[in-house]
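First the structure, in the form of structure tokens, and then the observations on it.
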Amino acid sequence: MSRGVNANLLRRWVADDERQRRSPRDAQVVPVAVSPKPTFVSVPLPTVAEPAPDIRIEIKRGATLITVSWPALAVNGCVAWLRGLLQ
Numbered sequence: 021m022s023r024g025v026n027a028n029l030l031r032r033w034v035a036d037d038e039r040q041r042r043s044p045r046d047a048q049v050v051p052v053a054v055s056p057k058p059t060f061v062s063v064p065l066p067t068v069a070e071p072a073p074d075i076r077i078e079i080k081r082g083a084t085l086i087t088v089s090w091p092a093l094a095v096n097g098c099v100a101w102l103r104g105l106l107q
């Protein structure tokens with residue numbers, strides 16, 4: 021009652037609870053809706069193309085060996101670098 025609950029309503033709740041405890045067989049059974057079990061849904065995923073391997077260039081001048089690995093996605097940059105190197 022200190023929390024603003026109506027005394028008559030509180031008494032009704034207590035009486036209802038006492039009645040249910042005395043005769044649980046007579047208590048009203050409330051059907052509960054059962055949701056269907058989830059099923060597996062197959063979702064097609066897009067195929068992922070394997071990344072192109074890196075461009076590998078080996079340059080040998082005398083006793084010096086230089087190995088360059090260049091990303092295949094940046095092939096235009098590799099071509100420009102090679103042209104500049106070979107001029």
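At position 33 of the sequence shown (counting the first as 1) the number is 53 in this note's numbering, and the numbers step up by one without a gap.
Think of the CB as a built atom: it goes at the ideal place given N, C-alpha and C, for glycine as much as any other residue.
Item checked: The beta strand (DSSP E) enclosing R76, as first and last residue numbers -> The residue labelled residue 76 in the question sits at position 56 within the sequence shown. Start and end: I75 to R81.
Margin query: Using a Cβ-Cβ cutoff of less than 7 Å, which residues in the same chain neighbour N26 once the five nearest sequence positions on both sides are dropped?
Written below: Walking along the sequence shown from the start, residue 26 turns up at place 6. For N26, where only same-chain residues beyond five positions count, there are no Cβ hits under 7 Å.
Check: DSSP on L30, reduced to helix/strand/coil?
Finding: Working through the sequence shown from its first residue, we reach residue 30 at position 10. Correct three-state label for L30: helix.
Note to self: Taking 9 Å as the threshold (C-beta atoms), are P73 and A14 in contact?
What the structure shows: Outside the displayed range of the chain (21 to 107) lies residue 14, so it cannot be described from this structure.
Notebook entry, point to check: Among the residues of its own chain, which have a CB less than 6 Å from the CB of E78, if the five just before and after it don't count?
Noted result: Counted from its first residue, the sequence shown places residue 78 at position 58. Here the set comprises T87.
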